[in-house]
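All remarks here apply to the structure that follows.
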Amino acid sequence: MLRRLVLAAVVTIGAGTAYALAEGGGDLVVFDWSGYEDPLLHPAYTIKYGAEPTFSFFGDEDEAFEKMRAGFKADIAHPCSQSVVKWREAGLLQPLDTSKIAGWKDLNPGIMAMKDLATTADGKAWFMPFDWGNTSLLYRTDKVTADEAQSLRIFADPKFKGRVTIGDNVDDAYALASLVIGLKDWTKMTDEQFKQASAFLRDVHKNVRFYWTDDTDLNQAFTGNEVDLVWGWNETYVTLKGQGLPIAMNRDTKEGISTWVCGYVLLKDAPGKLDQAYEFLSAVNAPGVSEYMVKTFGYGHGNSAGMAAMDQKLLTERGFDNLDKFLDKTLFQQPVAPDLKQRMVAEFEKIKAGY
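All letters in the sequence shown, in the order written, are residues -22 to -1, 1 to 333 by mature numbering (1 follows the signal peptide of the UniProt record, and there is no 0).
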């Protein structure tokens, strides 16, 4: 699916400030998750080029990886932390020239300090953090009690047979299972722990109504009274809570939550113009994007200066007022060894097929 949107001659951003669009068009191709084509996530790019980038979408990063390995060409892509090393080692990426990205020094220092993610030991930069959030327990408060929702083991409770959905996403699935077996650092997963985690996912499979692939799936399932429990993202909670649905998000279960970081990379042999790629990266990293990201999607923004300038009440509502607490009891979805990741992928396919 491709999307191109040409805006009117004048765009109003923020507190009533109007900008005239420059002549020309954006030739950039962005390989992304559905929903991130939202023009308000990169307004400065559209202002400069008078057109949106072309967006092509993927459902998960393994799908994106295989498509690019098969020859698909784009300029920029949006992987998450657990895939960056894999993409880089496969030769899909080129280093970033950070001098061409406005606000690079304002990127969240905690995320930037994570080993082998944004930068490598040789000082090269490969990944610009953009959004971060949780995969956690979402539940209908008219069908599930707060006491029942205190443990992630609820996903395997026979009481909720046919009323559960988790993502068709191997990383989120094994993050859930790792937390349940008491593992917070899945890079240290032993063979026995892998078997335990897989066994739990097989128990969950007995209750799964379907495996969701995007936020639209979840919204329809919740509003259509198809499911009561979801292992899902912040955006679903923010969207449905805003629609008045009786939904809660428990970030404080006995076992914890999973935290992920996603961002943008520059693809090797990008067919477009590099200057447009860097304009896009600067646009999505602009501090003015922070409030829109938090308010609309419920995710944290990579630009720490933009986050710090936000209204404290909104940060508290979204759970971002105390980042130390936010990251406590969390499994961070960092890269795992390639052989373990491949094992997870193969086993998850068997589980979904009922084996």
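Don't be surprised by glycine CBs; every beta carbon is placed ideally from N, CA and C.
Option in the options with minimal Cα separation from residue i
i	options	result
S114	D230, E39 and P313	D230
K173	H20, S12 and A324	A324
L71	E269, L318, K246 and M322	K246
H56	A96, G220, A22 and F108	F108
W82	L18, A315, D163 and N263	N263
R296	G28, G278, P249 and P136	G278
N228	C240, Q221 and N212	N212
Q198	A287, L218 and G332	L218
L252	Y14, D75 and L196	D75
Y242	T201, C58 and A287	C58
N86	V239, T123 and T24	V239
F105	K93, G111 and I329	K93
A175	I25, L6, M322 and K330	M322
T97	Y14, G220, A226 and V62	V62
G88	G280, K102 and S34	G280
Backbone secondary structure at residue i - three-state DSSP
i	result
W65	helix
A(-1)	Confidence at A(-1) is low in this model, with a pLDDT of 38, below 50, so its placement is unreliable and the value that follows should be read with caution. Note: A(-1) maps to coil in three-state DSSP.
F43	helix
F105	coil
E327	helix
V262	helix
M285	helix
I79	coil
T214	helix
N228	strand
V205	coil
Y117	strand
A22	helix
V239	strand
L(-18)	Only weak support exists for where L(-18) lies, its pLDDT of 32 falling under 50; the coordinates are left without a value.
Y189	strand
A55	strand
D294	A small correction: the amino acid at residue 294 is Thr; Asp does not occupy that position in the sequence shown. Helix at T294.
T123	coil
Cβ-Cβ distance between residue i and residue j below 9 Å
i	j	result
Q311	T237	yes
D53	L244	yes
V158	F178	yes
L19	Y270	yes
K64	F43	yes
T168	A315	no
L223	V208	no
D150	W11	no
G160	E41	no
F133	L154	yes
Those residues which DSSP pairs with residue i across a bridge
i	result
T97	A103
G220	Its beta-bridge partners do not exist; DSSP assigns none.
Q72	L244
H279	D109
F35	D10
Contact with chain C by residue i, beta-carbon distance below 9 Å
i	result
R141	Annotation note: the requested chain C is absent from the structure, which comprises a single protein chain.
The ligand HEM heavy atom lying under 8 Å from the CB of residue i
i	result
V62	Inclusion of the ligand HEM in the displayed structure is not the case, the ligand content being empty and no account of it being possible.
Runs of beta strand (DSSP E) wholly within the stretch 140 to 187 (minimum 3 residues, chain order)
142 to 145
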